[in-house]
Amino acid sequence: MAQEAAPGLFGRLRVGLGRARDGLFSRIQAVVGGRRALDAETIEELEGVLLGADMGAAETERLIGVLREAAATERLAPEEVPERLRELVAGDLRGAARPLRRAASGPTVVMMVGVNGSGKTTTAAKLAHLLRSEGATTLLAAADTFRAAAAEQLGVWAGRAGVDLVRHTAGGDPSAVIFDAVTAAQARGLDSVICDTAGRLHNKANLMAELQKMVRVAGRACPGAPHEVLLVLDASTGQNGLVQACVFTEAVRVTGLVLTKLDTTARGGIVLAVHRALALPILYVGVGEGLADLRPFDADAFATAVLGADGA
Amino acid sequence: MWQRLRGKGRLTPEDVDQALREVRLALLEADVHFKVVRDFVARVRERAVGEEVMKSLTPAQQVVKIVHEEMQALMGATGARLQMSPHPPTVILLCGLQGAGKTTFAAKLAGWLQRQGRRPLLCAADLQRPAAVEQLQVNGRQVGVPVVAPEPGQHPQDVAADAVARARSLPADVVIVDTAGRSQADIELMTELRTVRDRIHPHEVLLVLDAMAGQDALGVARGFAEGVGVDGVVLTRLDSDARGGAALSVRAIIDRPIKFVGSGERLDAIEPFHPERMASRILGMGDVLGLIERAESALDREKTAALQERIGRHGLTLEDFLEQMQALRRMGPLDQLLSMIPGLGGKALRGAGAPQPDERELGHIEAIIRSMTPEERRRPEIIKDSRRRRIARGSGTSVQDVNRLLRQFEEVRKLMRGLAQGRLPAGMPGMQLAGGTMRRNRQQAGRRKRR
Ligand SMILES: Nc1nc2c(ncn2[C@@H]2O[C@H](COP(=O)(O)OP(=O)(O)OP(=O)(O)O)[C@@H](O)[C@H]2O)c(=O)[nH]1
Ligand SMILES: Nc1nc2c(ncn2[C@@H]2O[C@H](COP(=O)(O)OP(=O)(O)OP(=O)(O)O)[C@@H](O)[C@H]2O)c(=O)[nH]1
Ligand SMILES: [Mg+2]
Ligand SMILES: [Mg+2]
């Protein structure tokens, strides 16, 4: 419904780009244009584009290495460099997109996890809206019982999305909320349960243990659950994003990523390193604060955006 | 890394470049903006080449010394304070990206000011995010500070103006205004923020920034500085294991002091900013170098070299660890020194904001290690159940304490092995050791629930 009406894939994202990222790509082109090969100045410019997008020093070095080799062995023309770079990044991420996994029978249980403030609650709401708009009966579970007014926040979203909410009183056991929500969904024959969880830093062992318990309880309530554990990563995160992904994956076997806030000037380049290191699929990107601002991940659109290519 | 940077003989341009290559990588890994890194490295190079090497230092240490000095100069002076108006109420406006930690910080600051004997008032001017007002109300109640909430139909600037008026009648002497998260590139929302500012004329506009932020922090800081004017910065989530290089980017681009840090979700997790700790945390590698630098004056040089070589070849043993700890205790303020040991330091929880271990807990660790046989110290993997019980009894600690030390030591050991082979992903978690962690764990055990 609203999904179909949304302006193209990544439409919102492009608007953001046009506004805030005026043409880094054309800058490379300007530097590269009229040169014989990848000289020091061009490399420095390319480095700036990659580092500036939060790709990290190691990925940057690797990509530039590949370009260098292409320049040497295939006699890559200077003006072909930007497109080749874009193609490299897109190629690395092309296998990353995949749709939401569904339970063979019974409710599909999805858990949103991640560090504080990354966008879990909002993404849970957006996902509920998306599933509902596809005709799936959906329940939201307010399993953040810690943060002030977290359940109220999700409650407002549930109302807007037109889905039911399971919540307990503040300060309660978050695992109990999950258990209740999953069993309620089973009893009512619903298609999906989306569980919001409290933000937690990956370096807090007690909080990671709490999350592990929540996953276990979901599995106890419904064999095979959770069917998705989605790590919600803020696009403005720097190199720590890789550490987050490693630790969350180790703790609760993350099944996929959601990259939020791509409508801002943040690039989210760290997902390249994350995807290459952990082979985690990237399911969605968040492109705004509205219910409809969730898009399936698209490697080509992302590559264009992350490099700040203009006119995309 | 140590070996590479220590170099022998005189300072050559190659020495400088090699040292700076490592510094550059460390800074990029810490998320310092690449342009800031470039400028920084260039400046250090300029200073380093041609500078006389001090008698007591090796050439590489000389470079490191310059790196430290320049870092600290960039981080700014200590003790930046809030500008309090001589005519109360002092008005403080918080702004920043979505999810940066504004609302939480508003309540933290209110509580902090109250503990300083002030009478703060909170104002909920985020009419955007669902339940933002309730969130601030709950937090306000928790710190015992009243919250002014919007009436139906009000705009953010109206609520803010109401709060300032309310402060006069209460009376309250500080008003803290929470606003909705926004991107600096969002023209409409930046205009809204200016409207709020122009209604209430804040004495302080504080930009709230996530310590885990990447390269975009520079653009964000510039955008808010140009858009509304920023008087100071708040760095949240310093309890993460991120190195927090964004702080340096921000300092380089807007030249405004970082005034506070957030170091946890609890509302008392607020601290003044310490530039020198932050410099060490960002540099990460610098911690190691700084440690060597000081260790050399406490231990004699050969001993340090021998230790480094031993660690490089066989990995760290508990004996080395004890030896280092004893040397450390002779050297000076513990918190500073501990933050310099790799794994104890910038890369782990410690650094600006995190709780510091105290002497007593170090005493525990020392007692545990001393209760081990030399064989056990060299090969901790042989310490099984009965040995653990014996060590606990011998050191007057519990088996849990012994287990914890062994587990944490194993993590540091892994880290050191990684360091020696030069393949350590920076900021890998779980490497904290020693008192601070033991104490934290104990606290957590006592306060099972959350944070
Ligand atoms: N611009 C933009 N803002 C977003 C996006 N996703 C979430 N946000 C905003 O980011 C802020 C934090 O979002 P939440 O959903 O509350 O984040 P959370 O991870 O649940 O936070 P905690 O529960 O406190 O850990 C809110 O202001 C959201 O509106 C996005 O895709 N784009
Ligand atoms: N670990 C940790 N978490 C923090 C810190 N400061 C804030 N948080 C958490 O970060 C999340 C977001 O904080 P908020 O205060 O809601 O952020 P905000 O900037 O008001 O978000 P919006 O209003 O949506 O823009 C919450 O889960 C907070 O508990 C901190 O210093 N350390
Ligand atoms: Mg939430
Ligand atoms: Mg807020």
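Chains L and B supply the protein sequences, listed in that same order. Heads up: the first sequence begins at 430 in my numbering, then just goes up one per residue. Heads up: the second sequence begins at -13 in my numbering, then just goes up one per residue. Glycine included, C-beta positions come from ideal geometry on N, C-alpha and C. Keep in mind that this is a model prediction, so the values were computed, not measured.
Residues of the segment 663 to 677 of chain L whose Cβ lies closer than 9 Å to any Cβ of chain B, in chain order: 663, 664, 665, 666, 667, 668, 669, 670, 671, 672, 673, 675, 676.
Rounded to whole angstroms, the gap between the alpha carbons of residue 483 of chain L and residue 615 of chain L is 42 Å. Taking 7 Å as the threshold, the shortest C-beta distance from residue 125 of chain B to chain L falls below it. Note: residue 570 of chain L is bridge-paired with L:595, L:624 in the DSSP secondary-structure output.
Only residues of its own chain outside the window of five on either side were considered, and among them 543, 544, 631, 660, 662, 666 have a CB closer than 8 Å to the CB of residue 673 of chain L, listed in chain order. If only uninterrupted alpha helix (DSSP H) runs of at least 4 residues are considered, those enclosed by the segment 470 to 522 of chain L are 486 to 502, 510 to 522. Here the distance from the Cβ of residue 552 of chain L to the nearest heavy atom of ligand 2 is not below 6 Å. A distance criterion of 6 Å places the beta-carbon of residue 480 of chain L beyond contact range of ligand 2, judged by its closest non-hydrogen atom. Residue 118 of chain B sits in a helix when the DSSP states are folded into three classes. Annotation: the continuous alpha helix (DSSP H) that includes residue 26 of chain B extends over 20 to 34. Only buried fits residue 226 of chain B, as 16 or more other CB atoms lie within 10 angstroms of its CB. The Cβ-Cβ distance between residue 607 of chain L and residue 553 of chain L does not fall below 7 Å. Uninterrupted beta strand (DSSP E) stretches at least 3 residues long and entirely within the segment 60 to 114 of chain B occur at 76 to 82, 106 to 111, given in chain order. The three-state secondary structure of residue 370 of chain B, taken from DSSP, is coil. Neighbours of residue 694 of chain L across chain B, judged by C-beta separation under 9 Å: 169, 170, 171, 202, 205, 206, 209.
Burial is judged here by how many other beta carbons sit within 10 angstroms of a residue's own beta carbon; residue 657 of chain L has at least 16 and is buried. Not one heavy atom of ligand 4 sits closer than 6 Å to the Cβ of residue 693 of chain L.
As DSSP reads the structure, residue 258 of chain B sits in a beta bridge with B:246.
Shown here, residue 148 of chain B sits in a helix according to DSSP, grouped into three states. Ranking B:180, B:154, B:151, B:159 by CA distance to the CA of residue 165 of chain B puts B:180 first. Between residue 109 of chain B and residue 163 of chain B, the CB-CB gap stays under 7 Å.
Using a C-beta cut-off of 8 Å, the segment 688 to 700 of chain L makes no contact with the segment 218 to 238 of chain B, since fewer than three inter-stretch Cβ pairs fall below that distance. For residue 724 of chain L, the three-state secondary structure derived from DSSP is strand. Per DSSP, reduced to three states, the secondary structure at residue 548 of chain L is coil, with no helix or strand assignment. For the segment 565 to 598 of chain L, the set of positions with a beta-carbon nearer than 7 Å to some beta-carbon of chain B reads 575, 577, 578, 581, 582, 585, 586 in chain order.
The three-state reading of DSSP puts residue 304 of chain B in helix, counting H, G and I together. According to the DSSP secondary-structure assignment, residue 199 of chain B is paired through a beta bridge with L:666. Of all residues in the segment 641 to 666 of chain L, those with a C-beta nearer than 7 Å to a C-beta of chain B are 663, 665, 666, reading in chain order.
Scanning chain L for C-beta atoms nearer than 7 Å to the C-beta of residue 100 of chain B yields nothing, as the closest lies near 18 Å away. The beta carbon of residue 153 of chain B sits closer than 6 Å to the beta carbons of 75, 107, 161 from its chain, once the five residues preceding and following it are set aside; these are given in chain order. Residues of chain L with a Cβ closer than 7 Å to the Cβ of residue 140 of chain B do not exist, since the nearest Cβ in that chain sits about 18 Å away.
For the C-beta of residue 483 of chain L, the chain B residues within less than 9 Å are, from N- to C-terminus, 17, 200, 201, 202.
Checking the DSSP bridge columns, you'll see residue 526 of chain L partnered with L:711. Under the 7 Å criterion on CB atoms, residue 226 of chain B is classed as interfacial with respect to chain L. Around the beta carbon of residue 173 of chain B, fewer than 16 other beta carbons lie within 10 angstroms, which makes this residue exposed. For the C-beta of residue 394 of chain B, not a single chain L residue is nearer than 7 Å; the gap to the nearest is close to 11 Å.
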